[in-house]
Amino acid sequence: MNAKQMMAVAIARHIENHKTYIIGTGLPLIGATLAKNTHAPDTNLIFETALFEGSPQEVPTSVSDLRNCYHASVLWPQYRYFGFQALSMRSGAIDCGFLGGAQIDPYGNLNATSIGDYWKPETRFTGSGGANGIATHCDTIIVMKHEKRRFCEKVDYVTSPGWLDGKDGRAKAGLPPDKGPRAVVTELGVLRFDEGRRMYLAEVFPGATVQEIQENTGFELDVSHAVEAEVPSEAVLSILRDKVDPLRLMI
Numbered sequence: 456m457n458a459k460q461m462m463a464v465a466i467a468r469h470i471e472n473h474k475t476y477i478i479g480t481g482l483p484l485i486g487a488t489l490a491k492n493t494h495a496p497d498t499n500l501i502f503e504t505a506l507f508e509g510s511p512q513e514v515p516t517s518v519s520d521l522r523n524c525y526h527a528s529v530l531w532p533q534y535r536y537f538g539f540q541a542l543s544m545r546s547g548a549i550d551c552g553f554l555g556g557a558q559i560d561p562y563g564n565l566n567a568t569s570i571g572d573y574w575k576p577e578t579r580f581t582g583s584g585g586a587n588g589i590a591t592h593c594d595t596i597i598v599m600k601h602e603k604r605r606f607c608e609k610v611d612y613v614t615s616p617g618w619l620d621g622k623d624g625r626a627k628a629g630l631p632p633d634k635g636p637r638a639v640v641t642e643l644g645v646l647r648f649d650e651g652r653r654m655y656l657a658e659v660f661p662g663a664t665v666q667e668i669q670e671n672t673g674f675e676l677d678v679s680h681a682v683e684a685e686v687p688s689e690a691v692l693s694i695l696r697d698k699v700d701p702l703r704l705m706i
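For the sequence shown, this note's numbering gives the first residue as 456, with consecutive numbering after it.
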């Protein structure tokens, strides 16, 4: 089992049956497909290409992949999707969304806009897309590469709000205080947020160490609650490897 396979399993474990998730590209697609093929067959997946409730039987290569259409209930034009998304997120009909970024800070704020000064950046990225709306109105699971330059004390630009500056940060900013990042999944483990809404190490993946995770994190990280992540069963790994992504396109 490699790190990407363990990440896919961890993502799938965050998907509950009968709930609704906005799924992005990359490993969230793998994790969602694994969940649909194992413990959450009746979860509802929404893709930004306006595909609703698809049940992909093998790995889609992107959110536009027609394999996402299998058993889908809706294929809308884009403008209808955005309207539905806006209304559903505010009403609480969407339970969670998957996000990523170039930088993340201890409170789960994400930067996907620029590195360095905003007006004269070292690097300019594509920006929010729909990520800000998801981060504002939904719980989120964040998928990141675990590198010190990405896990930083302060992001250069807040593209998508996490818990802002702590427990009351979202309320003070006028954002829904009960919504926000719940976990960060990396190739080394799973991080969660304590009562003060600061990130801590929750699970260490097989082959990784607490020391390695600390060395690749650019801020002080509470590791006192860290446990070894549960190794997936051979049955789950078989579905992941042989059915979900048999060509190893992403894992």
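The beta carbon of each residue, even a glycine, is placed where N, CA and C say it ideally should be.
Helix, strand or coil at residue i according to DSSP, with G and I counted as helix
{"i": "M658", "result": "Note that residue 658 is Glu in the sequence shown, not Met. Here E658 sits in strand by DSSP."}
{"i": "L619", "result": "coil"}
{"i": "T614", "result": "coil"}
{"i": "N566", "result": "strand"}
{"i": "T591", "result": "helix"}
{"i": "R579", "result": "strand"}
{"i": "V686", "result": "coil"}
Beta-bridge pairing of residue i - partner residues as DSSP gives them
{"i": "L500", "result": "Y476"}
{"i": "F553", "result": "I596"}
{"i": "P632", "result": "Looking at the DSSP assignment, P632 forms no beta bridge with any residue, so it has no partner."}
{"i": "F606", "result": "I559"}
{"i": "G481", "result": "Per DSSP, none; premise fails for G481."}
{"i": "L396", "result": "In the structure displayed, the chain extends from 456 to 706; residue 396 sits before or after that span and is not available."}
Assigned exposure category for residue i - 16 Cβ within 10 Å defines buried
{"i": "H473", "result": "exposed"}
{"i": "D560", "result": "buried"}
{"i": "H469", "result": "buried"}
{"i": "T672", "result": "buried"}
{"i": "W574", "result": "exposed"}
{"i": "R652", "result": "buried"}
{"i": "S688", "result": "exposed"}
{"i": "A548", "result": "exposed"}
{"i": "L704", "result": "exposed"}
{"i": "S615", "result": "buried"}
{"i": "V598", "result": "buried"}
{"i": "R579", "result": "exposed"}
Residue i versus the options, residue with shortest Cα-Cα distance
{"i": "N457", "options": "L554, K491, T641, A628", "result": "T641"}
C-beta neighbour in chain D for residue i, strict 8 angstroms
{"i": "A548", "result": "Included in the structure is just one protein chain, with no chain D present."}
Are three or more beta carbon pairs between the segment 630-637 and the segment 655-663 nearer than 8 angstroms?
-> no
Inter-stretch contact (C-beta, 8 angstroms, three-pair minimum) for the segment 643-657 and the segment 583-590 | no
Kindly confirm or deny that the segment 601-617 and the segment 482-493 touch, where touching means at least three C-beta pairs closer than 8 angstroms.
-> no
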